[in-house]
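**Student:** Dropping a structure here in structure tokens format, bear with me for questions.
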Amino acid sequence: MNTLVKTLSGVQSDAAHEGRRFVARDWFVAAVVRGFPPVLGFVLFVLAWQGIATAIPALPTPAVTWKAGVALFADPFYRNGPNDQGVGWNVLASLARVGAGFGMAAVIGIPAGFLIGRFAFLNAMASPIISLLRPVSPLAWLPIGLLLFKSANPAAIWAIFICSIWPMVINTAVGVTRVPQDYLNVARVLNLSEWKVFTRVLFPAVLPYMLTGVRLSIGTAWLVIVAAEMLTGGVGIGFWLWDEWNNLKVEHIVIAIFVIGVVGLLLEHALLAIARRFSYDAV
4 MNTLVKTLSG VQSDAAHEGR RFVARDWFVA AVVRGFPPVL GFVLFVLAWQ GIATAIPALP
64 TPAVTWKAGV ALFADPFYRN GPNDQGVGWN VLASLARVGA GFGMAAVIGI PAGFLIGRFA
124 FLNAMASPII SLLRPVSPLA WLPIGLLLFK SANPAAIWAI FICSIWPMVI NTAVGVTRVP
184 QDYLNVARVL NLSEWKVFTR VLFPAVLPYM LTGVRLSIGT AWLVIVAAEM LTGGVGIGFW
244 LWDEWNNLKV EHIVIAIFVI GVVGLLLEHA LLAIARRFSY DAV
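Take 4 as the starting number for the sequence shown in my numbering and just add one per residue.
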């Protein structure tokens, strides 16, 4: 009997070990399958960059850019004057402007979207104005900001605000119009006030659409601030990029492009992660 028990225990142990081995192998294969395409794409990108830089000597090679980046990020928060600061301070200054403009756009745009989607009269009244103003280039709004505020910093924030408000207004309004009419009929039968309809019916249903608009708006805001800072000057990643061009430091321009891309990617994925927590559908 003891021999049989030991034999069965040994078989179970071997089976468990074999199962763990298969799980580990499957995990490794899945990781390789997922990781190979982006790694290959990155390698091909670097090779293409190297080839173009070899053909055009004015363009820095990946090795030269890497070396300059290591030196640059060795001290990203230095200060040598009001307009000579490390890349870290420039990124933070840009993010502060984006936060201000984007925050104001959210405070105004999301409630406006709810009202436009909820009331047909407001929808009909606002739609032509939104259709007219939404395609306007961000840089076209900058002179208006300078005229209104007489200062570069609020003008840049104004440009962010006016360009990032539209995705939030439109997506929120679309979300409200797609709330099933049955939900609203039930709310009417229950004699719910407009505030309760908003908090208990509209807001939960519209939240995924609203967060999609927020995600699109933050990308727009980050694009706008780079262009605005190149024209207004001061401290910011856009101004830093333009200043490096004036100093003919092309490798720093390439680094600035990567920094802008990485920060934009992080903002996008942060909001995408938040949006996925409030929706069962892919946002």
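Even for Gly, the Cβ is constructed at its ideal location relative to N, Cα and C.
Mind reading off the beta-carbon distance from Glu-232 to Ser-97? Whole number of angstroms is fine, and I expect it under 8 Å.
**Tutor:** Within the sequence shown, the letter at position 229 stands for residue 232. Within the sequence shown, the letter at position 94 stands for residue 97. At roughly 7 Å, the Cβ-Cβ gap stays under 8 Å, so Glu-232 and Ser-97 are in contact.
**Student:** Rounded to whole angstroms, what's the CA-CA distance from Tyr-81 to Glu-254? Just pull it up for me.
**Tutor:** Against the sequence shown, residue 81 aligns to sequence position 78. Against the sequence shown, residue 254 aligns to sequence position 251. So the alpha carbons of these two residues sit roughly 19 Å apart.
**Student:** What residue range is occupied by the uninterrupted alpha helix (DSSP H) comprising Tyr-81?
**Tutor:** What you label residue 81 is simply residue 78 of the sequence shown in a count that begins at 1. Tyr-81 -> no alpha helix (DSSP H), and no H or E assigned at all.
**Student:** Hey, which unbroken runs of the alpha helix (DSSP H) at 4 residues or more fall wholly within the segment 235-278?
**Tutor:** 240-249
**Student:** With 16 other CB atoms within 10 Å as the buried threshold, where does Gly-178 fall?
**Tutor:** Residue numbering aside, residue 178 sits at position 175 when the sequence shown is read from its first letter. It is buried - the Cβ of Gly-178 has at least 16 other Cβ atoms within 10 Å.
**Student:** Cα separation between Leu-234 and Asn-83?
**Tutor:** For the purposes of this step, residue 234 is identified with residue 231 of the sequence shown, where counting begins at 1. For the purposes of this step, residue 83 is identified with residue 80 of the sequence shown, where counting begins at 1. For Leu-234 and Asn-83, the distance between alpha carbons rounds to 22 Å.
**Student:** Quick one: Cα of Leu-274 to Cα of Gln-53, how far?
**Tutor:** The residue given as residue 274 occupies position 271 in the sequence shown. The residue given as residue 53 occupies position 50 in the sequence shown. If I take the Cα positions, the gap works out to 34 Å.
**Student:** Applying the 10 Å Cβ sphere with the 16-neighbour rule, what's the burial state of Met-128?
**Tutor:** Sequence index remark: in the sequence shown, residue 128 carries index 125 (1-based). With fewer than 16 other beta carbons inside 10 angstroms of its own, Met-128 counts as exposed.
**Student:** Could you pull out every residue in the same chain whose Cβ sits closer than 8 Å to the Cβ of Leu-11, ignoring the five residues on either side in sequence?
**Tutor:** The count along the sequence shown starts at 1 and reaches residue 11 at position 8. Summary for Leu-11: the model assigns pLDDT 45, below 50, so the residue's position carries little reliability; its value from the coordinates is reported in the next sentence. Counting only Cβ-Cβ distances below 8 Å, and skipping sequence neighbours, we find nothing.
**Student:** Contact between the segment 214-229 and the segment 84-104 is defined here as three or more beta-carbon pairs at a separation below 8 Å; is this criterion met?
**Tutor:** yes
**Student:** Can you find at least 3 beta carbon pairs, one from the segment 149-159 and one from the segment 185-193, that sit closer than 8 Å?
**Tutor:** no
**Student:** Measure the CB-CB distance between Ile-168 and Ala-108 and report whether it falls below 8 Å.
**Tutor:** In the sequence shown, counting from the first residue as 1, residue 168 sits at position 165. In the sequence shown, counting from the first residue as 1, residue 108 sits at position 105. The answer is yes: Cβ separation under 8 Å.
**Student:** Does the count of Cβ pairs from the segment 111-119 and the segment 195-215 closer than 8 Å reach three?
**Tutor:** yes
**Student:** How would you label Arg-280, buried or exposed, when you count the other beta carbons within 10 angstroms and need 16 or more for buried?
**Tutor:** Translated into positions along the sequence shown, residue 280 becomes position 277. Exposed: under 16 other Cβ atoms inside 10 Å.
**Student:** According to DSSP, Val-88 sits in a beta bridge with which residue or residues?
**Tutor:** Position 85 of the sequence shown, counted from the first residue, corresponds to residue 88. In the sequence as presented, Val is not what sits at residue 88; that position holds Gln. Per the DSSP secondary-structure output, Gln-88 pairs in a beta bridge with Arg-82.
**Student:** Would you mind reading off the limits of the alpha helix (DSSP H) that contains Arg-191?
**Tutor:** Translated into positions along the sequence shown, residue 191 becomes position 188. 184-192 is the span of the alpha helix (DSSP H), which, as asked, contains Arg-191.
**Student:** Can you tell me whether Ala-96 is helix, strand or coil according to DSSP?
**Tutor:** Residue numbering aside, residue 96 sits at position 93 when the sequence shown is read from its first letter. Looking at Ala-96 - three-state DSSP - the assignment turns out to be helix.
**Student:** Go through its chain and collect everything with a Cβ distance to Trp-144's Cβ below 6 Å, but skip five positions before and after it.
**Tutor:** Reading the sequence shown from its first residue, position 141 is the one you call residue 144. Same-chain partners within the cutoff: Ala-162, Ile-165.
**Student:** Pick from Val-209, Leu-149, Ala-71, Gly-72: whose alpha carbon is nearest that of Asn-174?
**Tutor:** Numbered from its first residue, the sequence shown carries residue 174 at position 171. Minimum Cα distance to Asn-174 is reached at Val-209.
**Student:** Closer than 7 Å by C-beta to Arg-218: which residues in its own chain qualify, once you throw out the five before and the five after it? Chain order, please.
**Tutor:** In the sequence shown, counting from the first residue as 1, residue 218 sits at position 215. Excluding sequence neighbours, Arg-218 sits near Glu-271, Leu-274, Leu-275, Ala-278.
**Student:** Take Val-90 and list the residues in its own chain whose beta-carbon comes closer than 8 Å to its own, dropping the five residues that flank it on each side.
**Tutor:** Indexing the sequence shown from 1 puts residue 90 at position 87. Closer than 8 Å at Cβ, skipping near neighbours: Leu-75, Phe-76, Pro-79, Ile-240, Trp-243, Ile-258, Ala-259, Val-262.
**Student:** Hey, which unbroken runs of the alpha helix (DSSP H) at 4 residues or more fall wholly within the segment 43-79?
**Tutor:** 65-75
**Student:** Looking at the structure shown, is Arg-181 part of a helix, part of a strand, or coil, going by DSSP?
**Tutor:** Numbered from its first residue, the sequence shown carries residue 181 at position 178. Arg-181 falls in the coil class under three-state DSSP.
**Student:** Cα separation between Gln-88 and Val-238?
**Tutor:** Your numbering for residue 88 matches position 85 in the sequence shown. Your numbering for residue 238 matches position 235 in the sequence shown. Those two C-alpha atoms are separated by around 8 Å.
**Student:** So which of Thr-180, Gly-267, Val-49, Lys-153 has the shortest CA-CA distance to Phe-122?
**Tutor:** Locating residue 122 in the sequence shown gives position 119, counting from the first residue. That would be Thr-180, whose Cα lies nearest to the Cα of Phe-122.
**Student:** For the alpha helix (DSSP H) holding Phe-152, just list the boundary residues, first then last.
**Tutor:** Stepping through the sequence shown from its first residue, residue 152 is reached at position 149. Where Phe-152 is concerned, the enclosing alpha helix (DSSP H) stretches over 141-152.
**Student:** What first and last residue would you give for the alpha helix (DSSP H) that runs through Ala-200?
**Tutor:** Taking the sequence shown and counting its residues from 1, one reaches residue 200 at position 197. This sequence places Val at residue 200; Ala is not what is there. It spans 197-200 - the alpha helix (DSSP H) in which Val-200 sits, taken as one unbroken run.
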